Amino acid sequence: MTHDEIFTTIQALLVDALAVDEEDVTLGARLTADLGAESIDFLDIVFKLQQSFGINIPQGELFPEGLSQQADYVKDGKVTPAGIAALKARLPHVDFSKFEADPVAKKVAEVFTVETLVRYVERKLQQKA
Amino acid sequence: MRWMWIDRIVELVPGKKLVAVKLVSMAEEHLHAHFPARTWEGGHRSATPLMPMSLIIEGMAQTAGVLVGHAEGFREKVILAKVSKAEVTRDARPGDTLRYTAEVLQMDRAGASTKGTVELISPTSSGSSGEPVVIGGIDLMFSHIDNNMGGQEFPSWNFVFSDSFKTLLRTSGVAQV
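As given, the protein sequences belong to chains A and B, one line each in that order. Going by my numbering, the first sequence opens with residue 333, and the numbers climb by one from there. Going by my numbering, the second sequence opens with residue -7, and the numbers climb by one from there.
Here it is in structure tokens:
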């Protein structure tokens, strides 16, 4: 599957899961801040990705829980450089470059964009091949 | 009043499918509160006793919730977390029977998604044979909240599945729980 095919499939499943308009589901759109995803929507998205792409997503692999509450990684409400390094290692499909400029812990969920999902699915399909 | 919106479970395929029925009765108070008669200057609206859509959704939530709860031996606290779709195109009136079929689409440690079909068995309009007619679909998502709320703690006893639902399964004759 090409990048574009994966994106189109993800776009359709997000329109369904989040009741948003197709044109709002751009690669850069953030799942929470731009598309209004709430906690249960993340489980819905995981289920729909598994179904659409025939992949298995272990709990926490795509969207880890409680990121902003891990005391080792957070100081004065911000994620520490060591914390960001650990997150990058754990979440290779996530682009942290914007977040690093202002790593407010409570906003960490905003790193999950449509592009994150496309990249994650690409990696999973490559592993499967 | 018991918060029970299904009367009998007629089929259970553990972890896959559960079918339940709800009899709509004129004796139920909520039918009268939903669209009561109204008179006002120059107009009048007669009472329209109907099964409210919100309670049809609750009926499906109980049908699908028991299915998901039963799959894990009622150990998980199964909470309705999202109504993904709810479309019903015909009213259910006193004397009708609603038939809810819930099927598991996906289920894991964190929760489950279900697909639901709503059928109506009407003594007057569904044919002399009383065959069920599909009138809509209700798709839901459930969360196993102990595993899915970022480490929040909930009471250890299962407040979702009181004895009522286990009694219903038992008296319906579909499962020993």
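All C-beta atoms, glycine included, are put in the ideal place defined by N, C-alpha and C. Note that the structure is predicted; figures quoted are calculated from it, not measured.
Using the beta-carbon count (16 or more within 10 Å), is residue i buried or exposed?
i	result
M18 of chain B	exposed
Q390 of chain A	Residue identity differs from the one stated: residue 390 of chain A is Pro in this sequence, not Gln. Answer is exposed; the Cβ neighbour count stays below 16.
Q458 of chain A	exposed
H136 of chain B	buried
S76 of chain B	buried
V436 of chain A	exposed
G87 of chain B	exposed
D450 of chain A	With the sequence shown as reference, residue 450 of chain A is identified as Val, and Asp is not the correct amino acid for it. So V450 of chain A counts as buried.
M99 of chain B	buried
T334 of chain A	exposed
V5 of chain B	exposed
H62 of chain B	buried
A369 of chain A	buried
G51 of chain B	buried
E68 of chain B	buried
Helix, strand or coil, according to DSSP, for residue i in the structure here?
i	result
G429 of chain A	As written in the sequence, residue 429 of chain A is Ser, which differs from the Gly given in the question. In this structure, S429 of chain A counts as helix in the three-state DSSP scheme.
S76 of chain B	strand
Q98 of chain B	strand
F339 of chain A	helix
V2 of chain B	strand
L103 of chain B	The identity of residue 103 of chain B in the sequence shown is Gly, whereas the question assumes Leu. Here G103 of chain B sits in strand by DSSP.
L419 of chain A	helix
A349 of chain A	helix
R455 of chain A	helix
L10 of chain B	strand
L15 of chain B	strand
G51 of chain B	helix
G65 of chain B	coil
N388 of chain A	coil
V378 of chain A	helix
E393 of chain A	coil
T334 of chain A	coil
Which partner residues of residue i appear in the DSSP bridge assignment?
i	result
H36 of chain B	B:T31
L112 of chain B	B:L90, B:V125
K410 of chain A	A:K407, A:V436
F134 of chain B	B:L72, B:A104
T445 of chain A	A:R362
Any C-beta of chain C sitting closer than 8 Å to the C-beta of residue i?
i	result
M133 of chain B	Reference to chain C is not applicable here, since the protein chains of this structure are A and B.
What I want to know is whether the C-beta of residue i ends up closer than 7 Å to one or more non-hydrogen atoms of the ligand MN.
i	result
V125 of chain B	Looking for the ligand MN in the displayed structure turns up nothing, as the structure carries no ligands at all.
Subject >> Positions along the segment 370 to 392 of chain A whose CB lies within less than 7 Å of some CB in chain B >> reply: Of all residues in the segment 370 to 392 of chain A, only I372, L375, D376, F379, Q382, Q383, Q391 come within less than 7 Å of chain B when Cβ atoms are compared, listed by chain position.
Subject >> Near-chain A residues of the segment 94 to 107 of chain B - C-beta to any C-beta below 8 Å >> reply: Hits within the stretch, in order: L97, Q98, D100, R101, A102, G103, S105.
Original post:
Of all the residues that make up the segment 72 to 95 of chain B, which are near chain A by a beta-carbon distance shorter than 8 Å?
Top reply: Going along the segment 72 to 95 of chain B in chain order, one finds A73, K74, S76 with a Cβ nearer than 8 Å to chain A.
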